[in-house]
Structure formats: structure tokens, C-alpha cells
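Engineer: Chains as they are written, first to last, in my numbering: chain A, 11 to 92; chain B, 142 to 561. Sending over a structure as C-alpha cells; questions will come in a sec.
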């Protein structure tokens with residue numbers, strides 16, 4: 011029954027926060043077994059640590075957009091999604 | 142000497158004050174003079190320590206005394222100097238002490254700005270009619286941007302201000318700077334290209350178009366129709382932070398969100414890290430609380446079940462049965478004793494009655510029982526024959542006797558003895 015959870019470290023702040031919020035609501039509804047509740051709680055703690063770490067340890071990344079060489083037909087720059 | 146004839150009783154002379162006040166009232170009741178733009182060149186500029194500014198506006202043929210009160214003077218954005226051609230706005234009144242009418246200035250602009258302003262209004266009306274500024278077009282700014290595109294001057298203070306604010310508030314974001322000139326001939330074209338490039342190559346969550354404060358002319362690029370259209374067409378929502386609080390450009394109207402300054406734009410584009418930490422702490426609280434509640438709830442259930450189990454336990458039933466057994470045996474013992482007593486009484490009665498019938502008791506009184514040697518009692522004379530041996534039982538033993546003869550009683554005798 012437990013849904014597969016993504017590794018906490020792979021979540022963006024927005025995703026982690028959204029999941030945390032949802033999870034707390036679920037836990038507050040009290041609809042699950044104690045075992046499930048503890049599982050949710052531990053996941054929640056991991057999400058909290060992740061959110062805090064993201065906020066506290068992030069270094070602002072700034073880069074400059076290079077000049078567009080050719081306005082037409084130029085493939086967009088490869089950009090790894092964060 | 143020819144003196145003009147003076148009427149004997151002339152109208153009374155007005156005092157200078159009265160005349161001056163009359164003139165002043167006259168001036169102040171004229172609608173045109175109370176809300177007027179005047180164009181001219183500054184001369185005799187004077188800035189005493191009071192903070193008020195005095196100067197004369199003049200052109201080739203005339204001069205006009207002007208005053209700017211300190212409260213207005215503080216808000217001036219044009220650096221005044223002698224010889225500067227300006228347009229001043231205000232009302233005409235009269236300074237009674239000097240008998241001087243003057244312009245009380247509340248706003249001024251460089252000469253020529255008026256023309257620009259008309260142009261601005263015309264373009265604004267046109268774009269507005271096209272629906273470019275409609276509220277329905279405005280898109281929400283994402284709460285958690287992943288990438289912010291900055292369209293601004295790479296050398297301006299605005300850029301550093303914005304980076305500082307973004308770094309402080311939400312360092313998780315990535316900033317892509319699209320450097321542009323923010324004033325001059327090239328500015329509009331560069332801004333348009335930067336917005337397009339950012340959208341095409343970076344897919345930013347939001348784009349900030351920013352420029353620090355400047356004169357109306359400095360900000361003119363942001364009233365360029367091409368810039369306005371580029372902002373309206375941007376895929377990513379656009380926040381503008383152009384000039385100061387009081388500056389409105391057409392770019393601002395087209396933007397999804399208008400910020401009064403570049404710094405404010407950076408704030409509107411990012412969530413506040415402190416607030417986020419607070420939110421996370423709050424959720425952490427709720428998380429712990431929810432688990433505690435859950436555990437408590439379970440403990441309560443458990444206790445409840447335990448109580449139910451105990452109530453249903455066989456041990457409890459055994460106990461109950463034992464108690465019932467005790468009760469029953471007490472009850473039984475009680476009743477048994479009663480019954481026995483009753484029986485005993487009954488028995489005693491019977492015994493007494495039996496006693497009264499005991500033939501031996503009769504024997505004690507001198508009667509005898511005759512029995513054959515085989516034990517059969519002889520009740521009638523016919524049961525015996527002469528010569529026969531009978532046992533005569535007395536109270537303390539028996540006598541062996543021999544029947545001499547048998548004499549039945551004649552049947553006339555009414556009272557018969559059953560006893561032998």
C-alpha cells in the first residue's frame with residue numbers, strides 16, 4: 011500500500027514543501043494505521059530537513075545570457091533542469 | 142497751471158492693502174491662472190536655507206517671478222540651474238508685501254517633456270484600446286521561481302540591488318542576466334531582443350525588466366511601443382521595476398505585475414526565505430503534533446480494548462461462577478438445614494407415634510404375644526391345635542408352652558378381644 015516515494019534529495023523546494031504540506035494534512039486526518047503514521051512522520055521529517063537545508067545552504071547562481079548568434083534556426087542552449 | 146478738476150466729494154481712496162488684496166482676489170478667482178503651465182528659462186535662481194526656491198522665468202520679452210515652496214522643492218527631480226529651459230506648473234497669486242504677482246510652482250519638467258507626454262498619452266490610449274493592458278491578461282507570478290530572467294543594465298546599481306535582495310530572500314533560484322542598455326537609441330531594441338531570447342533559450346519562471354531612477358527622457362525606452370508589445374507577448378510573466386515610485390511607463394501597464402522600483406520587483410519575484418523557514422517550522426510543529434495525536438488516539442483505543450477484553454475474559458466468568466457457586470451453596474446449605482430440621486421433627490413425631498404402637502410396650506404392661514416356633518403370630522384360637530408348642534413372648538423373653546386344649550368363644554359375646 012505505501013506509495014513509492016521519490017528520494018527527498020531529488021525534490022525541488024517547491025515539490026518538497028508541497029509534499030510536506032499534503033503529508034501533514036494527511037497525518038492530521040488520522041485516517042491511517044499507527045505504522046503508516048510513523049512512516050509518514052519520518053518522511054515528513056526528511057522533507058523538513060531537506061527544505062531547511064535548501065534554504066540555508068543554497069548559493070545564488072547568476073549567469074549572463076550570451077549574445078544570440080543567429081536569431082533564426084539556432085538550437086536552444088542545452089540546459090539541465092534544476 | 143492746469144490742474145484737472147477734482148470732484149469735490151471723490152469716492153473714498155482705497156488703502157494700498159485693500160487694493161492689493163482686491164487684485165489678489167481677482168487673480169485667484171481666474172481659473173486659467175490657478176492651473177497653468179508656463180514655459181521659460183530660469184534666471185536669478187536662489188536657494189536660501191529656508192528650503193524654498195526662488196527664480197525668475199523669462200523669455201525674450203517678459204519675466205515672471207516664481208516660488209517653489211520647500212515641500213514641493215524636496216520632490217523635484219529636475220536639477221535646476223540658470224539658463225535651463227523648463228515648463229513650470231502652478232498658480233498665479235500676488236505677494237502683497239512687494240506688490241508682486243508670481244507663479245507658485247508645484248511641478249516642473251524640462252521643456253519638451255510636454256510634447257513627449259502628449260505622445261505618451263496617445264500611445265497609451267491606442268494600446269489600451271487594443272486590450273494590451275487589460276487585467277484579464279495578467280498572469281500570476283509563480284510562488285517559487287526556479288529561474289529569473291533579469292533584463293537590465295549590467296553596470297547599474299539596480300542590478301546589484303536586485304541580486305542582493307534575491308540572494309537574501311531566495312538563493313535557490315537561478316538568475317540569468319540579459320544585459321541591455323536602458324537608455325538611448327539602442328535601449329528599446331535591446332530590451333525587446335532580451336525578452337525574446339530569455340523566453341526562447343531559458344524558459345524562465347519570471348522575467349524582471351528593471352531600470353533605476355532617471356528623468357522622463359531617461360525612462361523613455363520603456364514607453365516604446367515595441368518594448369510594450371514584447372512584454373505583453375512574453376511567455377514568462379513579466380515584472381517591471383522602472384524608475385521610482387511615481388514613474389509610470391507603458392511597460393508598467395503591459396507588465397503582469399508593476400513594482401515601484403527594481404528592488405521591489407526583486408522582492409515580488411521571490412518568496413521570503415525567512416517566511417519560508419517559518420512555514421517549515423510551522424509544518425514541523427503540526428507534523429509532530431499530528432503524530433502525537435495519532436499515538437495518543439491509538440493508546441486510548443488500546444486502553445479501551447483492554448477494558449473490553451477484561452470484561453469478556455473467561456477468568457472473569459470463572460470468578461463470577463465461583464461467586465454464584467458460593468451463593469448457591471450457602472443457599473443450599475441454609476435450605477438443607479431447614480429441611481433437615483423439618484424432617485427431624487417429622488421423624489420425632491413418627492417415632493413417638495411408632496413408640497406408642499410398639500407391641501413391646503404393651504408386653505411391658507403384662508400382655509403376651511403367641512407365636513409359632515416359625516415366627517408366625519397366633520391371633521385366633523383356630524390357629525392353634527392341642528399339643529402344639531407355642532412361644533409366649535413377654536417383655537423380657539418368652540416361654541415355651543404347650544396348648545392343652547382349644548376353646549373358641551361362643552359367638553354371642555359382643556366385645557371381641559383382638560389380643561390373645
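Using N, Cα and C, we set each Cβ at its ideal position, and we do this for glycine too.
As a quick exercise: from B:317, B:353, B:354 and B:324, pick the residue whose alpha carbon is nearest that of residue 336 of chain B.
Structural biologist: For residue 336 of chain B, the closest of B:317, B:353, B:354 and B:324 by C-alpha to C-alpha distance is B:317.
Engineer: Out of curiosity, what's the CA-to-CA distance linking residue 448 of chain B and residue 48 of chain A?
Structural biologist: 26 Å
Engineer: Taking only heavy atoms of the ligand GDP into account, decide whether any of them is closer than 6 Å to the Cβ of residue 376 of chain B.
Structural biologist: Inclusion of the ligand GDP in the displayed structure is not the case, the ligand content being empty and no account of it being possible.
Engineer: Just to confirm, are residue 362 of chain B and residue 382 of chain B a CB contact at a threshold of 7 Å?
Structural biologist: no
Engineer: Where DSSP assigns a beta bridge to residue 38 of chain A, which residues make up the other side?
Structural biologist: In DSSP, residue 38 of chain A forms no bridge with anything.
Engineer: So which residues on chain A does residue 285 of chain B lean against when the C-beta distance must stay under 8 Å?
Structural biologist: What residue 285 of chain B touches in chain A, judged by beta-carbon distance under 8 Å, is 22, 23, 24 and 27, going in chain order.
Engineer: Can a CB atom of chain B be found closer than 7 Å to the CB of residue 72 of chain A?
Structural biologist: yes
Engineer: Whose C-beta lies closer than 8 Å to the C-beta of residue 92 of chain A among residues of the same chain, with five residues either side of it excluded?
Structural biologist: Note that residue 92 of chain A scores a pLDDT of 44, beneath 50, so its modelled location is shaky; the value from the coordinates is reported in the next line. Once the five neighbours on either side are set aside, the close Cβ partners of residue 92 of chain A are 22.
Engineer: For residue 245 of chain B, tell me which candidate among B:272, B:211 and B:238 has the shortest Cα-Cα distance.
Structural biologist: It is B:211 whose Cα lies nearest to the Cα of residue 245 of chain B.
Engineer: Which chain B residues are close to residue 69 of chain A, counting only those with a beta carbon under 8 Å from its beta carbon?
Structural biologist: 312
Engineer: Quick check on the burial criterion: 16 or more other C-beta atoms within 10 angstroms. Buried or exposed for residue 216 of chain B?
Structural biologist: exposed
Engineer: Quick one, which residues of the stretch 434-451 of chain B are near chain A if we go by CB-CB under 8 Å, in chain order?
Structural biologist: 434, 435, 436, 438 and 439
Engineer: Within 7 Å of any Cβ in chain B, is that where the Cβ of residue 38 of chain A sits?
Structural biologist: yes
Engineer: Compute the Euclidean distance between the alpha carbons of residue 153 of chain B and residue 168 of chain B, then round it to the nearest angstrom.
Structural biologist: 24 Å
Engineer: Taking only three categories from DSSP, how would you classify residue 182 of chain B?
Structural biologist: strand
Engineer: Residue 207 of chain B bridges to which residues according to DSSP?
Structural biologist: B:196 and B:244
Engineer: In chain order, what residues of the same chain have a beta carbon less than 6 Å from the beta carbon of residue 300 of chain B, not counting five sequence neighbours either side?
Structural biologist: 293
Engineer: In this structure, what does DSSP give as the bridge partners for residue 512 of chain B?
Structural biologist: B:518 and B:532
Engineer: Please go through the same chain and pick out, in chain order, the residues whose beta-carbon is closer than 8 Å to the beta-carbon of residue 303 of chain B, but skip the five residues on each side of it.
Structural biologist: Closer than 8 Å at Cβ, skipping near neighbours: 291, 293, 349, 351, 382, 403, 404, 406 and 407.
Engineer: State yes or no: is the beta carbon of residue 280 of chain B nearer than 7 Å to at least one beta carbon in chain C?
Structural biologist: In the displayed structure, chain C is absent; the protein chains listed are A and B.
Engineer: Checking contacts by CB at 7 Å: is residue 47 of chain A closer than that to chain B?
Structural biologist: yes
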